[in-house]
Amino acid sequence: MTGDTSRGGSALEIRGLRKEYGHSIAIHDLDLVVPHGEFLTLLGPSGSGKSTVLRTVAGFIEPTRGSLLLDGIDASRLSPRNRNIGMVVQNYALFPHLTAAENIDYGLKMRGVALADRRARVAEMLDLVGLADLGKRKPRQLSGGQQQRVALARALAYQPAVLLMDEPLGALDRDLRMRMAEEIRELHTKIRSTVLYVTHDRDEAMSLSDRIVIMRDGRIEADGRPRDLYRQPPTRFTARFFSSHNVVPATVREPADDGGRGRAEYLGQSLRVAGEPGGTPGSNAGLTFLPSAVRLTATGDALAIKGTVSASVFMGEFVRVKFRPRGVAESMELEAQLSIDHAEDLLRSEECEFFVPVDDLWLIPEGPGATASQS
Amino acid sequence: MSVRTEIAYRARIAARTLRIGAGVSIALLMLLPVAIVVVLSFSADPYLVFPPAEWGLRQYEAFLGSDEWLSAVGVSVTVALLSTVLSTVIGTLAAYAIARTDLPLKSALTSLGVAPLVLPGVAYAMALYVLYLRLDVVGSFTGVVLAYTALTLPFPMLIVTGALTRLPADLEVVSMSLGASRIRAMVGITLRLLAPAIGASMVFGFIYSFDEATLINFLGSGQIITLPKAIFDSVLTGIDPLIMAIAVILMCLTGLVMTVGVRLRQLDQGNTP
């Protein structure tokens with residue numbers, strides 16, 4: 001199908017894309033290459049420009065500058081109908097007056113495919129998404145999950161170069177959203193089509209994507225595999241927004257070497273930690289760690305943080321403890337997920353010492369000298 | 001039975017009696033005149049007498065056999081059709097601009113479009129009359145059609161705009177991504193889905209202008225005689241019982257067309273996915 005991975009080149013290539021609205025800049029000179037068969041998610045808070053990128057690729061927004069290649073062909077000047085893209089939007093926008101089969105057929109009909117081929121293709125698509133018996137139903141006679149499958153089948157029927165998905169699950173409640181995401185992933189593993197997916201939901205992005213591009217203020221903030229971005233966030237924004245890491249202020253003592261290890265200082269403790277390259281001795285940095293990495297006892301080399309417990313909530317599998325570290329900005333609050341056995345006797349406003357093993361720390365340099373890390 | 005339940009019981013009885021009484025009086029008030037008209041339309045008397053001394057289809061025959069009355073019906077139908085089609089086209093285009101673009105002063109435009117329905121009929125007719133006098137188009141067919149176009153514009157402005165607002169804009173976006181041209185997406189998807197709303201607004205517009213009797217008295221100048229105007233004129237010179245037959249026919253047709261309109265509106269609600 002679309003994911004002919006043997007083919008050279010990329011399914012989608014965006015070069016120097018810029019979009020200005022009057023004096024405000026929605027997208028700053030963005031470059032992005034999506035290889036064939038990749039599921040790439042643009043993740044970002046609202047207003048980060050992710051939807052603008054998607055609608056520009058679809059041809060509904062004209063870029064101020066920049067070019068766009070679909071399957072190696074310059075599509076910058078093409079109208080949406082000639083771009084060979086598939087699109088799935090929020091609430092699916094199925095045509096309510098057409099049956100499921102007619103919805104799937106729509107793109108084939110518009111492309112002038114012969115009737116016999118259209119019939120065969122629609123049947124094939126209905127079969128692919130497991131709706132072989134429901135082709136005659138109108139959208140309102142289908143469940144939400146079935147509607148999503150029709151929308152996917154409709155967008156994939158004519159084998160578009162790229163499937164664009166604009167927050168398709170944005171209007172659903174959490175449980176349903178995760179179920180639908182599973183269905184999307186299943187279909188993608190089956191047919192390996194190239195997908196550009198837009199969402200503001202981290203879990204959705206993490207569970208669906210081969211690769212995630214995090215956007216912020218019209219720029220690419222981070223780009224990588226979900227696992228890498230989660231464990232080793234390249235920027236503080238990524239650490240907070242994507243990985244839910246704790247970030248404490250630290251100072252770079254030795255910038256990370258080729259092996260990716262450097263030395264950082266936090267309140268007089270000098271630690272050898274892994275981190276992003278960049279920074280100069282003495283420059284500011286963020287030292288990040290996951291809430292689940294926090295311990296109440298030190299085993300081996302560990303970062304020690306003294307502080308007071310400000311809240312502790314029983315969550316079932318663990319206890320979520322919020323604490324204020326001493327010696328840094330007063331407003332700062334860190335989070336720990338502690339096992340029940342250990343956390344049970346922690347009381348509010350109690351003085352405590354928390355430890356984070358050095359292997360769980362990640363150093364993010366900032367300011368001049370620090371790379372923005374967009375590689 | 002305790003005192004308290006006794007009181008509650010009596011109160012319930014009283015409430016029910018009141019409700020039934022009110023219902024019956026309203027029904028009588030509303031239906032009695034209609035019933036009288038229906039009865040009178042089957043009178044064979046040359047004058048209005050209630051109850052009729054003789055029964056028959058005389059009034060219906062007189063109406064259907066009169067060139068004057070039938071020509072008034074023809075004028076009414078033509079004026080109503082033309083003005084409804086015009087106002088529907090204008091109103092639908094306006095609805096599109098209001099629901100789908102960042103047009104400035106959108107709400108002002110909506111209020112203006114709906115104004116003819118809100119303004120007192122006589123005041124509006126007077127104002128138009130003065131304007132038409134200056135333009136020297138009083139008694140012109142085009143002038144009357146245009147006046148009715150403005151008068152029926154509120155229907156598409158309200159009904160079609162409402163339906164369009166309920167239609168997701170993404171339907172057109174997706175349709176174009178699937179390979180439809182902009183026109184094809186607008187006509188094949190949006191307009192197709194608006195069809196019931198457009199139909200309903202035409203029905204209401206048609207009935208409204210067909211039935212209108214104020215404006216025509218000012219703007220028709222005795223040269224454009226619609227059915228309501230003809231009835232009006234005939235009543236001025238004494239009541240011809242033939243009017244009762246017209247009234248009955250009108251009531252039946254209006255009821256029928258209204259049913260179609262209401263059904264179309266239901267269809268429209270069903271369109272929303």
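Protein chains in written order, with our numbering: chain A, 1 to 375; chain B, 1 to 273. C-beta atoms are modelled at their ideal positions from N, C-alpha and C, and glycine is treated no differently.
The DSSP assignment places complete alpha helix (DSSP H) segments of no fewer than 4 residues inside the region 198-264 of chain B at 215-219 and 227-236, in order along the chain. Taking 9 Å as the cut-off, the beta carbon of L187/A is found no closer than this to the beta carbon of P139/A. What G179/B touches in chain A, judged by beta-carbon distance under 7 Å, is R81, G107, M110 and R111, going in chain order. At a cut-off of 9 Å between C-beta atoms, I184/A does not count as an interface residue with respect to chain B. F63/B is classed as buried because its beta carbon has at least 16 other beta carbons within 10 Å across all chains shown. Annotation: L194/B has no Cβ neighbours in chain A at a cutoff of 8 Å; minimum Cβ distance is about 11 Å. Close to G86/A, with beta-carbon spacing below 9 Å, are these residues of chain B in chain order: S177 and L178. Near chain A, meaning a CB-to-CB distance below 8 Å, the residues of the region 144-178 of chain B are P168, D170, L171, V173, V174, S175, M176, S177 and L178.
Residues of chain B with a Cβ closer than 8 Å to the Cβ of A153/A do not exist; the shortest Cβ-Cβ separation is about 12 Å. Distance between V174/B and A222/A, taken at the CA atoms: about 30 Å. Apart from the 5 residues on each side of it in sequence, S46/A sits with its Cβ closer than 7 Å to the Cβ of H200 in its chain, given in chain order. The beta-carbon distance between P325/A and M315/A, rounded to whole angstroms, is 22 Å. This is too long to meet the 8 Å contact definition.
For I189/B, the nearest CB of chain A lies under 9 Å from its own CB, placing it at the interface with that chain.
Secondary structure of E38/A (DSSP, three-state): coil. G188/B and P168/B have their alpha carbons spaced roughly 15 Å apart. Scanning its chain for C-beta atoms nearer than 6 Å, with the 5 sequence neighbours on each side dropped, one finds around L117/B the residues P154, in chain order.
Comparing alpha carbon positions, the residue from R216/A, L361/A, R149/A and D127/A closest to I305/A is L361/A. Burial of M202/B is indicated by the presence of at least 16 other C-beta atoms within 10 angstroms of its C-beta. Of the candidates A11/B, G179/B, Q59/B and A27/B, the residue whose Cα lies closest to the Cα of P241/B is Q59/B. Around the beta carbon of N84/A, 16 or more other beta carbons lie within 10 angstroms, which makes this residue buried. Looking at the DSSP output, Q337/A bridges to R320/A. Within the DSSP bridge table, the entry for M215/A names I220/A as partners.
Counting only the Cα atoms, K50/A lies some 28 Å from Y96/B. In this structure, L303/A lies near L287/A, with their beta-carbon atoms less than 9 Å apart. For F355/A, the uninterrupted beta strand (DSSP E) run begins and ends at E351 to P357, by DSSP. A straight line joining the alpha-carbon of L40/B with that of T78/B spans about 29 Å. Judged by pairs of C-beta atoms under 8 Å, the region 204-217 of chain A touches the region 29-42 of chain A, as three or more such pairs exist.
The count of Cβ pairs closer than 8 Å, one atom from the region 178-187 of chain A and one from the region 145-152 of chain A, reaches three, so the stretches are in contact. Taking 9 Å as the cut-off, the Cβ atoms of S83/B and V145/B count as close.
Using beta-carbon distances, Y158/A counts as an interface residue toward chain B, with a partner under 9 Å. In chain order, G145 place their CB closer than 8 Å to the CB of R179/A, counting only its own chain and leaving out the 5 sequence neighbours on each side. Below the 8 Å Cβ cutoff, chain B contributes V173 and S177 as neighbours of A58/A, in chain order. Under DSSP, K306/A forms a beta bridge with E353/A.
The DSSP-derived three-state label of P52/B is coil. For M87/A, the three-state secondary structure derived from DSSP is strand. For Y197/A, the three-state secondary structure derived from DSSP is strand.
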